[in-house]
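See structure below.
Protein chains in written order, with this note's numbering: chain G, 71 to 798; chain E, 71 to 798.
As structure tokens, then:
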């Protein structure tokens, strides 16, 4: 095949890149529109060719070693006659010296819109396609987007839309919109080159010109040869069943059990026991005796019953010698909290590696070392250092920081966000983030996966797994180490390797991962994603008790890329029958301090039934308890004549309304297949973000502030668009 | 004076703009470097002039009615010889027709960096200077910044730094950095023109070229004549003393008092009474009788003692007739909660206007109508519909949405943020946001002012007042209606007028106003600004219990424009003596799960004493109560042998440590003059954001999540830079 031959020949000749003409030949072969051009050997032939092409022309020096041609004066634009071509050829020849292999003659193309496109090999993700704004502002504006190859049409199109300078691709100053199909061909051609030719290390198309007629043309191109420097760690993948067993042990031995209040060997056991774990629990310590009124076995092998999971907190020097005992006992999984392994340096790294090999050989799965623990509320298993016990639910949380993970669990507990399972992944000696992804893919109890990730072992595997899973359920992630400083901190924390952050984030978005910006946002996203149907579009109806909240919420919607469409006459007509005559007749719909509790019930259905809306936000309907309770207290304090009996009933009445209303909107979600997000504007902190409603897959959601609801809804809409792009 | 003559002459001749040559003459007179150019009358003279200037040249058609010259083919660049000039002149003459007054010959300047600058008159703020990226990307990238005139050097410089394309102004592709002094001259020249010539409506300098040598040249310019369309409302300013009296009444009459639980006439009175207001309270209702065991007067005039403040909740039709009684009684202020005025349409607007005139004539100050009320915790005055009673403090909150305002107060109450005073400003019949600004300027009890604003009556007054006050104390603001949709909602809510949002926000930033993005952020900012010293710079030391939190916090710092500098050897040496040998030796400093409570005490002082840091963030030191309490509970539940006596003491011990630690960091703030922000990672909600420490102007601050601390610190740093820019 022609392209392969060209590459082989160049490599055989010891060249590190193809020359410009060869580069364009390769691109042309892969469907990239390239400028018409003619290779000539000398100045006379250049003139003759220029006359055929028609003035003005471009003349370039040709040679595999000729790089940075513009800077070296080897590109001469807009040559208007034979004399100018002659002169230019002489100057190029002088500047290029011995590296000159000939000249390229091209027509001078008209068009003011310059882009760049390219391909390179990332250490973690392999071939990556790049697209960006070109011309003189390239470096100043740094407006580029990336996609992991292979690229499909939908993602190639999305690359164009994601540029800040995307307006340039539309009708622009009298120039026609870009022919998007041509641009797609360029990007997909680059992608295919990256996938099919491992000896192409890099391709640089610059400029990629969009002409006045919208035609796309690669005006200059360079194909660099050589292999990439892959730094993916190749680990044997963990069997998803083994991960399932880790979270569903029938019995647990606490090896390194202790009676001291702050020791891991005490804290983990007391958490599991107090959490009402129903399997058998055994304490193991060579010293024997009793702890917490229970017998202590000197070795796991002394335990007179099977042991599924060993929770190990012995000192680092004692871990290895346990392995034969575990093997003998038939222990399937080890939760290794002990620290002092790879996080401390080379010696620890080697010990950890040896341990993992030993475990693999014995058919044992180790979580850790250096983990904060796991939990699975569905079997009442709470085995973390921090005593946190969230309710059973559908969100699985995997965190490369145990501290951050357990703290999030504590918030999840207090906000009513149900948890399927949690693991602090520790040093990941055997189970990596990639393994968890694969392990959770077919777990029916998980409907939302939340990750805190500082680094990944194998980018390509991560990307493939995440994308496969994201097609089935949302994957929400916070990346720690998005900045140089954060990465430095991560390196000292989990030994994270520096990676190209822009490529990493592009890979995540391409894989459909929902990227959170802050730790707390992860919880909001998991609450929303695990409780609500996805919106089909971005049109939001807002219903508010209090005009100001409607204003700030409308602002937030727009700023997050949602829309707040005006109400059509037929909806206004319906609402006219519900609200007093002076209502605003616009979206947001202000309840104008209407205290009649039936109003929000009726109004919410009118808005949900409106075909012009994809989601409903309601503000201030819930969460009035704080003020009302205070008002009643005040009356009791200062008004001897107040109606005690009546006032005392109000809080219960309001609580009952809240339940009814929440159930009502959940039913509406089922009926109309649109999400409803509440904003409670709570000031008393005694309500949960998530409220369960019996007999429905959906839940009631009420955030304390509008920005949290809007941000979550925007993320859901963005995920929906990704699913559409993937054809799901 | 020459410029004035030019303008007068043009206006006399009925022209709406100056021609290009005149425009540049005006700019030149005001210090703007303009391209050397020569006006000639015909083609022959153009050629002769071009030969003097030296080829290549630019030839342009000249004429006051010739606009959009490039699009009409009236600008011909890069003409290389006499023949090209001839040809160009002929084509220009044909395209311009009768509007042609002559030609301009200019040298063809080299340089690839194009900007635009200009002046226009905003309805609210008057003359505004504009600066932006020019060239073909202008419209596609919309990279422009604004400043209200008059402009000083510091702000002119800041305009350059604020462009996204600011890198273009530095060394760029072998071209020299822009001569900033020249650019400052351009911007200040435009500003002076705007201030000195009210007949200049608009100036457009495009392109403003930055040459290879960094020189700035106005290549084309247009001065448009005419007056602006000012839409500022001119209201007589309210005497600050009158506003003081409004918040400090010695006695209150509730006019429209009611015994019905949900009526304003009951709710406001019971709130004030239950809040332990110490002045005299009188109930007024024509029906007389008794309410809440108190006598009801039939009219204020029946009250046998002076009345300072009348709180009025009678129906809209009954308000006007009260005014003579108030005047007779010597009532100073009226809190008018009644609605049905300007927010309902033209009729209400006229009534409101008449009421204000009447009040003004009677020397009475009206707050409202349509207000949610006021509070002043310093005199136990809590007169809002929502029964909220924050602690006395230094933050004054003025809100154009009563609902949003009182909800924020409730959060302030629960987070321990002290409040100086609050007002829901209602329809602002008499007291506008501008009046509150002036009223609070010299209020010693206010150290931080927080505003929720949907619209202002007089932009120029608002700008001047805000800037004057921001030099003394921080002004924090959320603008409702930042988007078209938000503005639409605001219009139906408070009758906000659409304004140019970009100009409004630029004016706020220029005035030193700290702009919040969400309602909740206002509270965080007010907590931080009212409790901490300002940071001198942006270098942050981070101390964390838990590596992951350090990573995400470092990321956040960078993303918010702060830095996390590496530790110098002398600091590392000091910390070596405090932390175990395996500590990370980097910033963030990870306490590596060190449980010894003396460690954070010592470490925080080492970091505060470090000259390389301007602020300290500590994470996870406070807020461990939740987990520890749970651990103790677990031990009690499952361990019959646990040391009850010892465990029971732990929560108190921890609470004591928290107090000590908070006092310790507050003392460090006093000693080193740097802010300390805590992140408690609290999950139990029983701690406050703000903790008072006796005998110091500063307070302990602990946010539940790092993003809130980092965002607040970044805002403080940004305010500090503004103060520096203002020379304070």
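Using N, Cα and C, we set each Cβ at its ideal position, and we do this for glycine too. Only a predicted model underlies this, so the values are computations on that prediction, with no experimental measurement involved.
Cβ-based neighbour list, residue i, same chain, cut-off 6 Å, excluding 5 preceding and 5 following
| i | result |
| --- | --- |
| residue 637 (chain E) | 657 |
| residue 220 (chain G) | 261 and 265 |
Inter-residue spacing [alpha-carbon to alpha-carbon] between residue i and residue j
| i | j | result |
| --- | --- | --- |
| residue 671 (chain E) | residue 734 (chain E) | 7 Å |
| residue 385 (chain E) | residue 363 (chain E) | 24 Å |
| residue 225 (chain G) | residue 690 (chain E) | 42 Å |
| residue 144 (chain E) | residue 130 (chain E) | 6 Å |
| residue 543 (chain G) | residue 592 (chain G) | 15 Å |
| residue 239 (chain E) | residue 201 (chain E) | 13 Å |
| residue 513 (chain E) | residue 464 (chain E) | 10 Å |
| residue 520 (chain G) | residue 526 (chain E) | 44 Å |
| residue 394 (chain E) | residue 794 (chain E) | 51 Å |
| residue 409 (chain G) | residue 330 (chain G) | 18 Å |
| residue 390 (chain E) | residue 646 (chain G) | 31 Å |
| residue 870 (chain E) | residue 660 (chain G) | In the structure as shown, chain E starts at 71 and stops at 798, and residue 870 (chain E) therefore has no counterpart that could be examined. |
| residue 217 (chain E) | residue 761 (chain E) | 39 Å |
| residue 432 (chain G) | residue 304 (chain G) | 20 Å |
| residue 803 (chain G) | residue 85 (chain G) | In this structure chain G extends from 71 to 798, so residue 803 (chain G) is not present and cannot be described. |
Sequence-distant residues of the same chain with beta carbon closer than 8 Å to residue i, five excluded per side
| i | result |
| --- | --- |
| residue 536 (chain E) | 507, 545, 578, 581, 582 and 583 |
| residue 321 (chain G) | 349, 350, 351, 352, 375, 376, 377, 378 and 379 |
| residue 211 (chain E) | 203, 234 and 235 |
Test item: CB-CB of residue i and residue j under 8 Å
| i | j | result |
| --- | --- | --- |
| residue 474 (chain G) | residue 204 (chain E) | no |
| residue 13 (chain E) | residue 601 (chain E) | Residue numbering for chain E in the displayed model covers 71 to 798; residue 13 (chain E) lies beyond these limits and cannot be assessed. |
| residue 248 (chain E) | residue 280 (chain E) | yes |
| residue 213 (chain E) | residue 90 (chain E) | no |
| residue 404 (chain E) | residue 370 (chain E) | no |
| residue 746 (chain G) | residue 775 (chain G) | no |
| residue 189 (chain E) | residue 292 (chain E) | no |
| residue 284 (chain E) | residue 97 (chain E) | no |
| residue 784 (chain E) | residue 684 (chain E) | no |
| residue 178 (chain E) | residue 126 (chain E) | yes |
| residue 612 (chain G) | residue 598 (chain G) | no |
| residue 256 (chain G) | residue 223 (chain G) | no |
| residue 401 (chain E) | residue 434 (chain E) | yes |
| residue 609 (chain E) | residue 682 (chain E) | yes |
| residue 457 (chain E) | residue 700 (chain G) | yes |
| residue 297 (chain E) | residue 268 (chain E) | yes |
With 16 other Cβ atoms within 10 Å as the buried cut-off, status of residue i
| i | result |
| --- | --- |
| residue 379 (chain G) | buried |
| residue 688 (chain G) | buried |
| residue 714 (chain G) | exposed |
| residue 729 (chain E) | exposed |
| residue 365 (chain E) | exposed |
| residue 324 (chain E) | buried |
| residue 558 (chain G) | buried |
| residue 423 (chain G) | exposed |
The ligand ADP heavy atom lying under 7 Å from the CB of residue i
| i | result |
| --- | --- |
| residue 405 (chain E) | The ligand content of the structure shown is nil, which means the ligand ADP is not present either. |
According to DSSP, residues forming a beta bridge with residue i
| i | result |
| --- | --- |
| residue 403 (chain E) | E:379 and E:435 |
| residue 364 (chain G) | G:361 |
Own chain, CB closer than 7 Å to residue i, minus 5 neighbours either side, in chain order
| i | result |
| --- | --- |
| residue 739 (chain G) | 602, 603, 745, 746 and 768 |
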